[in-house]
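Chemist: Here it is, the structure, as C-alpha cells.
Number of protein chains: 2
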Amino acid sequence: MTVDVIIYAGEVTPERVMHKEVAVIDVFRATSVIVEALHNGAASVVPVVTVEDALAMSEKFGRERVILGGERNTVLIEGFDKDNSPLAYRREDVAGKVIIFTTTNGTRAIYNSRDAHAIYISSFLNLTAVCRTLAAGGRDAVLVCAGRNDRFTAEDGLCAGAMADFLVKQYGYGTTDMAQVMQELYLGAAGDLKARLATTYHYQDILGRGYIDDINFCLQRDIYDIVPYYDPTGSIKL
Amino acid sequence: MTVDVIIYAGEVTPERVMHKEVAVIDVFRATSVIVEALHNGAASVVPVVTVEDALAMSEKFGRERVILGGERNTVLIEGFDKDNSPLAYRREDVAGKVIIFTTTNGTRAIYNSRDAHAIYISSFLNLTAVCRTLAAGGRDAVLVCAGRNDRFTAEDGLCAGAMADFLVKQYGYGTTDMAQVMQELYLGAAGDLKARLATTYHYQDILGRGYIDDINFCLQRDIYDIVPYYDPTGSIKL
Chain A
1 MTVDVIIYAG
11 EVTPERVMHK
21 EVAVIDVFRA
31 TSVIVEALHN
41 GAASVVPVVT
51 VEDALAMSEK
61 FGRERVILGG
71 ERNTVLIEGF
81 DKDNSPLAYR
91 REDVAGKVII
101 FTTTNGTRAI
111 YNSRDAHAIY
121 ISSFLNLTAV
131 CRTLAAGGRD
141 AVLVCAGRND
151 RFTAEDGLCA
161 GAMADFLVKQ
171 YGYGTTDMAQ
181 VMQELYLGAA
191 GDLKARLATT
201 YHYQDILGRG
211 YIDDINFCLQ
221 RDIYDIVPYY
231 DPTGSIKL
Chain B
239 MTVDVIIYAG
249 EVTPERVMHK
259 EVAVIDVFRA
269 TSVIVEALHN
279 GAASVVPVVT
289 VEDALAMSEK
299 FGRERVILGG
309 ERNTVLIEGF
319 DKDNSPLAYR
329 REDVAGKVII
339 FTTTNGTRAI
349 YNSRDAHAIY
359 ISSFLNLTAV
369 CRTLAAGGRD
379 AVLVCAGRND
389 RFTAEDGLCA
399 GAMADFLVKQ
409 YGYGTTDMAQ
419 VMQELYLGAA
429 GDLKARLATT
439 YHYQDILGRG
449 YIDDINFCLQ
459 RDIYDIVPYY
469 DPTGSIKL
C-alpha cells in the first residue's frame, strides 16, 4: 500500500482519489471542529459548500434540530449559531444535534474527495485512530490537506506528515515523493509544532485574531480514539 | 519579496504567476537540456506542447535549421533527432540551430506559466545565476517544478529548495509555506542529493532505464552562469 499527500483542496481530482481511502485534514480548524463535535455527541455533521446550501439544509432537517456552524474568512457567518472554533462545540450545546457546517477550505476538501472509496476526517486530535482505520481498509491512502484558498498550509502538512510517518513505520506503506516530504517536515518539527509554525502565514493570521486557545487545542495529538467517516448520503458520523 | 513554489505543471494558474517572475524547473531532464543546448550555442529553444506542433514548427523554420528534440514517456519520439538527454546536445550538433523541443512535463510547465511577467529556465546547472536574475527583477518569484504527470517529484523540489534557500539567505525573500518546506527538503539533503533521491520513483525509473550519466550531469550545481528566458514570441534564448 502507498500513502500520497494532496496539498490543498483544489488539487483533488477524481483520478487521484478513486478506489482509495482518503483522510481529509484541516487542522485550523474545520476537521478539528468535526472531530470535537462528534466526540461531544453531535448526531452528525453535514458539510456543505455554500452558505445558501447550509440554510436550505437546515430547513430540511428542521431548524430546532440543527446547529449552523462554520466560517467565511475565519469569522462567524451572519445568522449562524457557531463559528469555526472547536471550543464552541460543547457537549451541552451539540449532543444529539445535526451540525450543518460550511467552511472556506475544509468542506471543499471533503466535497472534492467524494469519488474516493472512503473518506475519513482527520486532525491531530484523532490521527492515530484514523491511520489504523486506513490500514485496516487495505487500500492506498491519500491524505488530503485542505490548505487555504488553494495554497498549502504547514499545519495541515505537519498532520499529514505525522500520519504518513505512522503509516510507514507501523504498517509499511510506501510513499509518494510528497508524502516523504511531509513525513520529513513532521519529523523535523515534532518536538515543537508551534515553533515550526511560527514563521507561517495561516498560523500567524489565526494567532493575530486571538485564537491561541483554538491553536493549543487543535495541536493536541491523539486525545480521541474516534474516526468520523463521510457516508454516501453526505453526512459525517462515527 | 516572496518566493513561492508550485509543485507540478498542472498546478500553475494565471493567478499564481501573473505579475511575478517565474523560474521553471525540470531537473530530469527538460530544463537541464535547455540550459545545456543554449550553453553549447543553440540559437534558441522553442518549447511546444505536442509532437504535431513540433513538426509544424520545424517546417516553419526549415528542417535543415532545426533539431527536433524531446521525449514521450522518457524515450525518443519517432522522426525526432534527439531525445531528452542533455549529453546529446553537444556543441558540434547544436551550435546555431533552433531546437524544437517537446517533453511530457517540462514544456507544459513553461507553457502554463505564460501569464507571468517573465519566465526563466532553471536547473541545478544554473540555479544561482537564475536566482540573481530573479532578485534583480524586484518582484515576487514563483519556482515552478514540472513534476511528472501532475505529481510532485523530489528532484525538482530539491532544486526549488536550493533556489528558495539562496533567495532567502542572500536577498531576504519571504517564503510561502511550500517554499519553506522545499528549503528544508534541500537543506536536509544537500550533502548527498543522490542518497535522498534513492527512495523516489522518478529517479529510480530514470536510473533503471540506464540514464546514470544524465543523472550525474543534471545534479551538478552552478556549472553555468547563464539564464535562459522565454520571450513573448515563444522562444527560449540567452
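Chains as they are written, first to last, in the numbering used here: chain A, 1 to 238; chain B, 239 to 476.
Glycine included, every Cβ here is placed at the ideal spot set by N, Cα and C.
(1) Would you call residue 436 of chain B buried or exposed, if buried means 16 or more other Cβ atoms sit within 10 Å of its Cβ?
(2) Is the shortest distance between the beta-carbon of residue 388 of chain B and the beta-carbons of chain A less than 9 Å?
(3) So what does DSSP say about residue 80 of chain A, is it helix, strand or coil?
(4) At 3 residues or longer, and completely inside the segment 120 to 194 of chain A: list those beta strand (DSSP E) runs for me, N to C.
(5) Output yes if chain A places a C-beta closer than 9 Å to the C-beta of residue 442 of chain B; else output no.
(6) Restricting to runs no shorter than 4 residues, where is the alpha helix (DSSP H) found entirely within the segment 259 to 315 of chain B?
(7) Considering just the uninterrupted stretch of the alpha helix (DSSP H) at residue 107 of chain A, what are its terminal residues?
(8) Give, in chain order, every residue of the segment 387 to 414 of chain B whose Cβ lies closer than 7 Å to some Cβ of chain A.
(9) Quick one: any contact between the segment 380 to 400 of chain B and the segment 254 to 263 of chain B, if contact means 3 or more CB pairs under 8 Å?
(10) Rounded to the nearest angstrom, what separates residue 203 of chain B and residue 183 of chain A at their Cα positions?
(11) Which residues mark the beginning and the end of the beta strand (DSSP E) in which residue 242 of chain B is found?
(12) What residues from chain A crowd round residue 382 of chain B, counting only those whose CB sits closer than 7 Å?
(13) Mapping the DSSP letters down to three states, classify residue 212 of chain A as helix, strand or coil.
(14) So which residues of chain B does residue 178 of chain A contact, with C-beta pairs closer than 8 Å?
(15) Which residues in the same chain as residue 205 of chain B place their Cβ atom closer than 8 Å to its Cβ, once the five residues preceding and following it in sequence are excluded?
(16) Note down, in chain order, every chain B residue with its Cβ under 8 Å from the Cβ of residue 201 of chain A.
(17) Measure the CB-CB distance between residue 101 of chain A and residue 54 of chain A and report whether it falls below 9 Å.
(18) Buried or exposed, going by whether 16 or more other CB atoms sit within 10 Å of the CB of residue 442 of chain B?
(19) If you measure from the beta carbon of residue 423 of chain B to each beta carbon in chain A, is any gap under 9 Å?
(20) Using a C-beta cutoff of 9 Å, does residue 208 of chain A count as contacting chain B?
(21) Please list the partners that residue 429 of chain B has in chain A, where partner means a Cβ-to-Cβ separation under 7 Å.
(22) Does any C-beta atom of chain A lie closer than 9 Å to the C-beta of residue 259 of chain B?
(23) Could you pull the DSSP bridge partners for residue 340 of chain B from this structure?
(24) If you follow the alpha helix (DSSP H) that residue 93 of chain A is part of, which residue opens it and which one closes it?
(25) Quick one: any contact between the segment 152 to 169 of chain A and the segment 128 to 141 of chain A, if contact means 3 or more CB pairs under 8 Å?
(26) Report the neighbours of residue 426 of chain B on chain A: residues whose CB is nearer than 9 Å to its CB, in chain order.
(27) Who does residue 88 of chain A pair with in a DSSP beta bridge?
(28) Beta-carbon within less than 7 Å of residue 213 of chain A's beta-carbon, same chain only, minus the 5 sequence neighbours each way: which residues are those?
(29) Quick check on DSSP: helix, strand or coil for residue 224 of chain A?
(30) Is the segment 345 to 365 of chain B close to the segment 218 to 228 of chain A, with three or more CB pairs under 8 Å?
(31) Please classify residue 11 of chain A: is it buried, with 16 or more other beta-carbons within 10 angstroms of its beta-carbon, or exposed?
(32) Excluding the five sequence neighbours on either side, which residues of its own chain have a C-beta within less than 6 Å of the C-beta of residue 135 of chain A, listed in chain order?
(33) Which same chain residues, not among the five before or five after residue 80 of chain A, have their C-beta less than 7 Å away from its C-beta?
(34) So if I threshold CB-CB distances at 9 Å, which residues from the segment 50 to 67 of chain A count as touching chain B?
(35) At least one CB of chain B closer than 9 Å to the CB of residue 181 of chain A: is that the case?
(36) According to DSSP, residue 474 of chain B sits in a beta bridge with which residue or residues?
Modeler: Concretely, from the data shown:
(1) As a position in the second sequence, residue 436 of chain B is number 198, starting the count at 1. Per the 10 Å Cβ criterion, exposed.
(2) Along the second sequence, read from residue 1 onward, the residue named residue 388 of chain B stands at position 150. It does; some Cβ of chain A falls within 9 Å.
(3) Counting from one through the first sequence, the residue named residue 80 of chain A turns up at place 80. Residue 80 of chain A falls in the coil class under three-state DSSP.
(4) 141 to 145
(5) For the purposes of this step, residue 442 of chain B is taken as the residue at position 204 of the second sequence. With 9 Å as the cut-off, residue 442 of chain B does not count as an interface residue toward chain A.
(6) Segments of the alpha helix (DSSP H) lying fully in the segment 259 to 315 of chain B: 268 to 277 and 289 to 299.
(7) Locating residue 107 of chain A in the first sequence gives position 107, counting from the first residue. Element bounds for residue 107 of chain A: 106 to 112.
(8) 389, 390, 391, 392, 395 and 414
(9) Because the criterion of three Cβ pairs below 8 Å is met, the segment 380 to 400 of chain B and the segment 254 to 263 of chain B touch.
(10) Given that chain B is displayed from residue 239 to residue 476, the structure contains no residue 203 of chain B and the question cannot be resolved.
(11) Along the second sequence, read from residue 1 onward, the residue named residue 242 of chain B stands at position 4. DSSP places residue 242 of chain B inside the beta strand (DSSP E), whose first and last residues are 240 to 244.
(12) The residue you call residue 382 of chain B lines up with position 144 of the second sequence. The premise fails here: residue 382 of chain B is roughly 15 Å from chain A at the closest Cβ pair, so nothing lies under 7 Å.
(13) Here residue 212 of chain A refers to the residue found at position 212 of the first sequence. Looking at residue 212 of chain A - three-state DSSP - the assignment turns out to be helix.
(14) By 1-based counting over the first sequence, the position of residue 178 of chain A is 178. The answer, in chain order, is 245, 389 and 390.
(15) The question about residue 205 of chain B has no answer, for chain B in this structure spans 239 to 476.
(16) In the first sequence, residue 201 of chain A corresponds to position 201, counting from 1. In chain order: 414 and 415.
(17) Mapped onto the first sequence, residue 101 of chain A falls at position 101. Mapped onto the first sequence, residue 54 of chain A falls at position 54. Result yes, Cβ atoms of residue 101 of chain A and residue 54 of chain A sit closer than 9 Å.
(18) Numbered from 1 along the second sequence, position 204 holds the residue referred to as residue 442 of chain B. So residue 442 of chain B counts as exposed.
(19) Locating residue 423 of chain B in the second sequence gives position 185, where the first residue counts as 1. Answer yes: the Cβ-Cβ gap between residue 423 of chain B and chain A drops below 9 Å somewhere.
(20) For this step, residue 208 of chain A is matched to residue 208 along the first sequence. Taking 9 Å as the CB threshold, residue 208 of chain A stays off the interface with chain B.
(21) Translated into the one-based positions of the second sequence, residue 429 of chain B becomes position 191. Result: empty, since nearest Cβ-Cβ is about 15 Å, beyond 7 Å.
(22) Start at 1 with the first residue of the second sequence, and residue 259 of chain B comes out as number 21. Not one chain A Cβ lies under 9 Å of residue 259 of chain B.
(23) On the second sequence, position 102 is the one that residue 340 of chain B refers to. BP columns for residue 340 of chain B point to B:308.
(24) As a working mapping, residue 93 of chain A is identified with position 93 in the first sequence. 91 to 94 is the span of the alpha helix (DSSP H), which, as asked, contains residue 93 of chain A.
(25) Yes: at least three Cβ pairs fall under 8 Å.
(26) As a first step, residue 426 of chain B must be located in the second sequence, where it is residue number 188. Within 9 Å Cβ-Cβ: 184 and 188.
(27) In the first sequence, residue 88 of chain A corresponds to position 88, counting from 1. For residue 88 of chain A, which the question treats as bridged, DSSP gives no partner whatsoever.
(28) Here residue 213 of chain A corresponds to residue number 213 of the first sequence, with the count starting at 1. Correct list, in chain order: 87.
(29) Along the first sequence, one-based indexing puts residue 224 of chain A at 224. The answer is coil: DSSP assigns residue 224 of chain A none of H, G, I, E or B.
(30) no
(31) Your numbering for residue 11 of chain A matches position 11 in the first sequence. Buried is the call here.
(32) Working through the first sequence from its first residue, we reach residue 135 of chain A at position 135. Same-chain partners within the cutoff: 171.
(33) Taking the first residue of the first sequence as 1, we reach residue 80 of chain A at position 80. Scanning its chain for C-beta atoms nearer than 7 Å, with the 5 sequence neighbours on each side dropped, one finds around residue 80 of chain A the residues 68, 69 and 70, in chain order.
(34) none
(35) Here residue 181 of chain A refers to the residue found at position 181 of the first sequence. Chain B, which has a Cβ nearer than 9 Å to the Cβ of residue 181 of chain A, makes this yes.
(36) Taking the second sequence and counting its residues from 1, the one referred to as residue 474 of chain B is at position 236. Answer is B:283 and B:468.
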